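Positions 0 to 391 (numbering that gives the first Met the number 0) are the ones given, in order, by the sequence shown.
Backbone N, C-alpha and C fix where the C-beta goes; we use that ideal spot for every residue, glycine too.
The structure presented is a predicted model; accordingly, all values stated were derived computationally and were not measured.
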Amino acid sequence: MNRRNLYRAVFLLSLIIFTAGCWDNKDLERRALVLGAAVDLAAAGGDLAVTELWKITLEMPILRRMVTRGGGGGGGGEGQDENTMPTWRLALTGTTFAEAINKAATRSERTLFFGHQKILLIGEELARRGDLKSVLDWWARNRESYLAINVLLAEGPAGGIMEARPKFARSVSMFLHEQMQQVIKTSRFVKHSLAEVLAALNAGQDILLSRVKMVPGQKLEVSGAGVIREGRLVGWLTPQETQAALWITGETKGCDILVVPVPELQQTLSVEFNKLHAQVKPVIEEDKLSFTIKIKVEGKIAEKMGNPRLFAAGDLQQVENRAARLMEERIREVLGKLQQQYQADVLGFGRKVEKVRPHQWEAMKGQWRQIYPSLPVTVQVKVSIRGTGMVS
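Written as structure tokens, this is what we have:
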């Protein structure tokens, strides 16, 4: 290709690119980009007709405010009113999700677009009373929906969460989306995508979903987890219980902090996990099933409070033993809550039996709900501290 033809090709390619860009911009102006959706029971409290079963609150950006505020950067919604917030909310009701969302055409001149949705938030009453598979069905069928969107549970009405004012994020949906990325820094909440939740529910598995709650000042907190049994919310785990549950499954991503009081040393230490390995093993002896949980942790001393003296010989072992006993206690506590109180196999004990003892599983799976609550579980934790973080 000679130089003249090369220039001509580049010019034509540029026209195609910029023309396509303009077309996309025009198309964008006709769309309302859904960032997040909150789903509740519309008939709660009797305010609406019985036939209006579902209420969906959608959060969408007001693009001109997103762009003009602070040159495209800056903080969130604290101290702002509806006339200055960079997002708007649309509440819709209907006997089905499809009908409710279709009603958006009567409330907005723009077409809803779900291709940028980050969050699906489910209200507590709906989660307790309704089948989550039915709730998620519309999103699973919607070809615009992104199966990687995060699914969370609201403590209370989900629509109320959308009224929060995050300090730094520009929208509730983006705040929750960014908060889900913090799962690599803590195991006090869980992260599950729409695809993962659907897969678990379709397989008849119990599951944990992150809890979102409103705290004073119209702020949000993501901590703890909802326990889903047979597609319904049966109760909550505290942040500490959620942490212990994730120790068992080995899903702790690192950087977890365990505060360990050591009375013998008159100190309280923060142990930061570097590595955690968990093994959950079913044991069948004389036709009796039990489980053994073995957890190995490597960590370092991140902080020391109390007696300022340096560690002496044997002190480190006392810290390791105290940390191991504390972890064992917390694990037994959450096991008791999951087995006896909620009777929800969110830790996948049944799947472990099916994997390593498939023949025995076939014989017991029909009675698993009756077997699981009384399963004996042995817990063993070993903590090794590799760094004391001492400073001279």
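Taking a contact to mean a Cβ-Cβ separation below 9 Å, would you say residue i touches residue j in this structure?
i: Met363; j: Val352; result: yes
i: His191; j: Leu175; result: no
i: Asn320; j: Val382; result: yes
i: Arg88; j: Ala31; result: no
i: Ile292; j: Lys280; result: yes
i: Gly234; j: Gly225; result: yes
i: Gly230; j: Lys132; result: yes
i: Ala157; j: Gly203; result: no
i: Leu219; j: Val211; result: yes
i: Leu257; j: Leu315; result: no
i: Leu135; j: Leu193; result: yes
i: Phe113; j: Trp138; result: yes
i: Gln116; j: Leu197; result: no
i: Leu374; j: Leu288; result: yes
Given 8 Å as the limit, tell me if residue i has its C-beta closer than that to any heavy atom belonging to the ligand HEM.
i: Lys295; result: Among the components of this structure there are no ligands whatsoever, and the ligand HEM is therefore not found.
Once the 5 residues before and after residue i are set aside, which same chain residues still bring their CB inside 7 Å of it?
i: Gly249; result: Leu275, His276, Ala277
i: Glu297; result: Asn273, Lys274, Ser383, Arg385
Give the DSSP bridge partners of residue i, in chain order.
i: Ala97; result: Paired residue(s): none; Ala97 is not in a bridge.
i: Glu284; result: Lys287
i: Gln266; result: Val261, Gly305
i: Asp39; result: Lys54
i: Val134; result: Answer by DSSP bridge pairing: none, since Val134 is not bridged.
i: Pro85; result: Answer is none; Pro85 lacks a bridge partner.
i: Ile300; result: Val270
i: Lys295; result: His276, Lys381
i: Ala31; result: Leu111
i: Leu91; result: Ile55
i: Asn149; result: Ile118, Ser192
For residue i, collect the residues of the same chain with a Cβ closer than 6 Å to its Cβ; drop the 5 residues on either side in sequence, then sort them by chain order.
i: Glu162; result: none
i: Lys54; result: Asp39, Ala41, Thr92
i: Asp255; result: Ser186, Phe272
i: Ala126; result: Leu152, Leu232
i: Gly305; result: Gln265, Gln266, Thr267
i: Ala243; result: Arg329, Ile330, Val333
In chain order, what residues of the same chain lie with their CB nearer than 8 Å to the CB of residue i, ignoring the 5 residues before and after it?
i: Asp130; result: Gly230, Arg231
i: Tyr371; result: Gln338, Gln342, Asp344, Phe348, Gly349
Query raised in the report: Can you list the alpha helix (DSSP H) stretches of 4 or more residues lying completely in the segment 351–391, in chain order?
Result: 357–363, 367–370
Query - In chain order, each beta strand (DSSP E) run of at least 3 residues that lies wholly inside the segment 101–125 - result: 110–112, 118–121
**Report entry** Contained beta strand (DSSP E) runs [length at least 3] in the segment 191–259, N- to C-terminal order
**Finding:** 206–214, 218–228, 231–236
Requested in this report: Jot down the residue ranges of each uninterrupted alpha helix (DSSP H) in the segment 153–195, minimum 4 residues, whole runs only, in chain order.
Outcome: 157–160, 171–179
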